[in-house]
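Trainee:
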DNA sequence: TAAATCGGTTGGTATTACGAATTAAACTAG
DNA sequence: CTAGTTTAATTCGTAATACCAACCGATTTA
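Chains as they are written, first to last, in the UniProt record's numbering: chain Z, 1 to 142; chain L, 1 to 142.
1. How is residue 98 of chain L classed by DSSP in three states: helix, strand or coil?
2. Evaluate contact between the segment 38 to 48 of chain L and the segment 101 to 110 of chain L, counting only Cβ atoms and requiring at least three cross-stretch pairs below 8 Å.
3. Report the partner residues of residue 53 of chain L according to the DSSP bridge assignment.
4. Suppose you measure from the CA of residue 137 of chain Z to the CA of residue 6 of chain L; what does that come to, to the nearest Å?
5. Can you have a look at residue 132 of chain L and say buried or exposed, based on whether 16 or more other CB atoms are within 10 angstroms of its CB?
6. Does any residue of chain Z bring its CB to less than 9 Å from the CB of residue 56 of chain L?
7. Using a Cβ cut-off of 7 Å, pull out every chain Z residue sitting near residue 15 of chain L, in sequence order please.
8. May I have the straight-line CA-CA distance separating residue 48 of chain L from residue 125 of chain Z, to the nearest angstrom?
9. Show which residues of chain Z have a CB atom less than 7 Å away from the CB atom of residue 46 of chain L.
10. Would you mind telling me which residues of chain Z sit closer than 8 Å to residue 87 of chain L, beta carbon to beta carbon, in chain order?
11. Does any residue of chain Z have a CB that is nearer than 9 Å to the CB of residue 125 of chain L?
12. To the nearest angstrom, how far is it from the Cα of residue 98 of chain Z to the Cα of residue 77 of chain Z?
13. Does the beta-carbon of residue 140 of chain L have 16 or more other beta-carbons within 10 angstroms, so that it is buried, or is it exposed?
14. Between the C-alpha atoms of residue 100 of chain Z and residue 119 of chain Z, what's the straight-line distance to the nearest angstrom?
15. At which residue ranges does the UniProt domain "HTH marR-type" (9 to 140) of chain Z contain complete beta strand (DSSP E) runs of 3 or more residues, listed in the order of the chain?
16. Pairing CB atoms from the segment 15 to 25 of chain Z with CB atoms from the segment 28 to 35 of chain L, are three or more of them under 8 Å?
17. Taking DSSP as the reference, what is the three-state secondary structure of residue 1 of chain L?
18. List the residues of chain Z that residue 19 of chain L touches, going by C-beta distances under 8 Å, in chain order.
19. Quick one, are the C-beta atoms of residue 129 of chain Z and residue 13 of chain L less than 9 Å apart?
20. Do you know offhand how far residue 50 of chain L's Cα is from residue 73 of chain L's?
21. Could you tell me which chain L residues have their CB closer than 8 Å to the CB of residue 105 of chain Z, listed as they occur along the chain?
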């Protein structure tokens with residue numbers, strides 16, 4: 001049994017979208033407190049455990065290269081990231097977190113955990129495990 | 001049994017954030033195809049089943065009133081929403097979807113379902129029900 | 001009825017984002 | 001090995017988004 005009616009599916013889609021907005025709002029608010037836009041925050045998140053070329057970072061974030069130039073310019077000016085040359089390709093530029101950027105990223109993402117966990121407290125431990133597994137399955141699909 | 005380690009929690013937080021970005025990306029892409037920014041798309045979504053004053057809509061979307069003026073201006077110019085006077089308070093302005101706006105909203109949100117459902121297909125029907133229940137619980141918390 | 005408050009708009013500024021054009025480096029023919 | 005092409009990033013111009021501060025009318029309160 002466990003039929004999926006149209007309404008059930010719609011309800012699930014809606015819940016997903018709303019969850020996305022809630023999470024995004026939390027991220028945005030925390031970012032704002034540190035003068036980081038959502039995009040800058042995402043960039044820090046991506047660079048937390050990666051060093052990428054401009055183009056790689058752009059496609060990671062789903063942005064145009066031209067958009068990234070300015071983004072990295074500003075983050076660079078604030079001392080959060082650093083541009084360096086790629087020894088293998090003199091056209092390429094490698095972007096990585098600076099020490100200060102790494103520090104800020106750690107701080108910000110600790111805050112994110114801190115603020116999202118109470119939300120998750122509505123679920124019991126077993127349910128949290130299950131949710132994690134379900135989301136992991138969902139994210140693995142493409 | 002079913003202990004929640006720090007890593008488990010971090011993994012869940014991460015999965016939530018990533019899910020948020022994936023869903024947001026889908027919404028953004030579909031919006032783009034209809035010349036709608038994510039914000040405009042959200043506005044249509046909110047107005048689908050509500051008519052609100054400017055300030056109400058602003059707090060719904062988490063934006064400043066001043067931001068909303070321009071947003072509504074542009075949507076108005078495109079014939080998607082309409083401003084009307086509030087009979088109870090001559091200062092207030094009520095925003096609602098136009099016929100054309102409602103049509104576009106319906107079309108767009110059908111597309112959203114269409115594109116998110118394949119993602120959900122990675123989960124069986126029982127798991128979908130469970131995910132829906134978990135997200136509902138999570139969204140009900142504040 | 002005078003003052004304070006509320007609801008929206010306007011004006012100014014910064015950020016974000018895109019596309020098109022540009023420069024430099026690295027391939028790929030011929 | 002040079003000529004032409006592709007690739008990596010930047011620059012430029014433009015539009016939308018978003019904020020704050022200042023403002024105008026309408027409304028409420030004192």
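Don't be surprised by glycine CBs; every beta carbon is placed ideally from N, CA and C. Please read all numbers here as calculations on a predicted model, not as lab measurements.
Mentor: Let me spell this out:
1. coil
2. yes
3. L/94
4. 21 Å
5. buried
6. no
7. 132, 135, 136 and 139
8. 36 Å
9. In chain order: nothing, as chain Z lies at least about 10 Å away.
10. Going along chain Z, no residue has its Cβ under 8 Å from residue 87 of chain L, so there is no contact; the nearest lies around 32 Å.
11. yes
12. 11 Å
13. exposed
14. 30 Å
15. 81 to 86 and 89 to 97
16. no
17. Annotation note: pLDDT 48 at residue 1 of chain L (below 50); position unreliable, coordinate value reported separately. Correct three-state label for residue 1 of chain L: coil.
18. 16, 19, 20, 23, 135, 138 and 139
19. no
20. 19 Å
21. Simply none; closest approach about 13 Å.
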